[in-house]
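S.K.: Got a structure here, written out as structure tokens. Questions coming.
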């Protein structure tokens, strides 16, 4: 059975790489056939050559953005899980604070970015805060939803066996909430890079978002696409780490999902 799933996963990776390779070949052929100018749509070969030529420049800006993404994401994970646990165990907070926080999801984060600069200054703090705000809500909502969806029968059984709230939390509620939490983490991982770029668009003198603004204003298509490529790889890398951790920490979630698809 394990070898079957291993072959399936390997075939999925192969198909993904083949699809990506075919897309790059078609992109390269289309640009060359239509003779598109580089400022409008550079070929993949031109983007790769620019990334190699400007590796030092891109490396410095990548470190800045990556630092903002990781700090903001890690803070959102810690605070999101902590606050999610408190809200799930407090009916009063669920009816007041949780409802208020969910209501703020409708506020466009782009509109908040200039206010963060006004409140927190022009430094790294405002950018990390923007990443935090983008990532915090899906993590907190996932934590609350997971804890509240725990099987009532299991909780009643733990009470019968004399388990206290901490034992019930560690042995039943928290493990049961992990699939919901990782769903929130996957969403947050894709939003973290977006938050960093938005904050750098508003006010920055370094970072990939800042580099993207400068290169587009100078009509440097290959360098602009190089920054976009690195941002995409950054988001894919963070998402892949979360997916790997999910398989490592709660493999039963994937197994149950696979059985459900097989039955349907």
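In our numbering, the protein residues as written are 43 to 306.
For each residue, glycine too, the CB sits at the ideal point set by N, CA and C.
Computed from a predicted structure; not experimentally measured.
Could you tell me the boundaries of the alpha helix (DSSP H) in which residue 161 lies?
M.R.: Residues 151-162.
S.K.: Would the beta-carbon of residue 173 fall within 8 Å of that of residue 229?
M.R.: Contact: no.
S.K.: Assign residue 292 to one of three DSSP states: helix, strand, or coil.
M.R.: Residue 292: coil per DSSP, three-state reduction.
S.K.: Do residue 168 and residue 175 have their C-beta atoms within less than 8 Å of each other?
M.R.: No, Cβ-Cβ distance for residue 168 and residue 175 is not below 8 Å.
S.K.: What's the gap between the Cα of residue 113 and the Cα of residue 86?
M.R.: Straight-line Cα distance between these residues: approximately 31 Å.
S.K.: Helix, strand or coil, according to DSSP, for residue 225 in the structure here?
M.R.: Looking at residue 225 - three-state DSSP - the assignment turns out to be helix.
S.K.: Does the beta-carbon distance from residue 210 to residue 200 come in below 8 Å?
M.R.: Cβ atoms of residue 210 and residue 200: closer than 8 Å.
S.K.: Among 105, 207, 159, which residue has its Cα nearest to the Cα of residue 127?
M.R.: Among 105, 207, 159, the Cα nearest to that of residue 127 is on 207.
S.K.: Between the Cα of residue 180 and those of 79, 234, 72, 104, spot the shortest distance and give me the residue it belongs to.
M.R.: Taking only the C-alpha atoms, the option nearest residue 180 is 234.
S.K.: How far does the alpha helix (DSSP H) with residue 172 in it extend, from its first residue to its last?
M.R.: Residue 172 -> alpha helix (DSSP H) spans 166-190.
S.K.: Let me check you understand the geometry: is the CB of residue 179 closer than 7 Å to at least one non-hydrogen atom of the ligand NAP?
M.R.: By its list of ligands, the structure shown contains no ligand whatsoever, and the ligand NAP lies outside what it can speak to.
S.K.: Distance, Cα to Cα, residue 288 vs residue 225?
M.R.: Straight-line Cα distance between these residues: approximately 9 Å.
S.K.: Using DSSP with H/G/I as helix, E/B as strand and the rest coil, what is residue 213?
M.R.: Looking at residue 213 - three-state DSSP - the assignment turns out to be helix.
S.K.: Tell me whether the beta-carbon of residue 240 lies closer than 8 Å to the beta-carbon of residue 151.
M.R.: Yes. Within cutoff.
S.K.: If distances are taken between C-alpha atoms only, which option among 219, 88, 198 comes closest to residue 69?
M.R.: Ranking the options by Cα distance to residue 69, first place goes to 88.
S.K.: Give me, in chain order, the residues of the same chain whose beta-carbon lies closer than 8 Å to that of residue 102; leave out the 5 immediate sequence neighbours on both sides.
M.R.: Once the five neighbours on either side are set aside, the close Cβ partners of residue 102 are 248.
S.K.: What is the rounded straight-line gap between the Cα of residue 141 and the Cα of residue 214?
M.R.: Straight-line Cα distance between these residues: approximately 26 Å.
S.K.: Less than 6 Å between C-beta atoms, sequence neighbours within five positions excluded: which residues of the same chain meet that for residue 276?
M.R.: Excluding residues within five positions, the ones whose Cβ falls inside 6 Å are 235.
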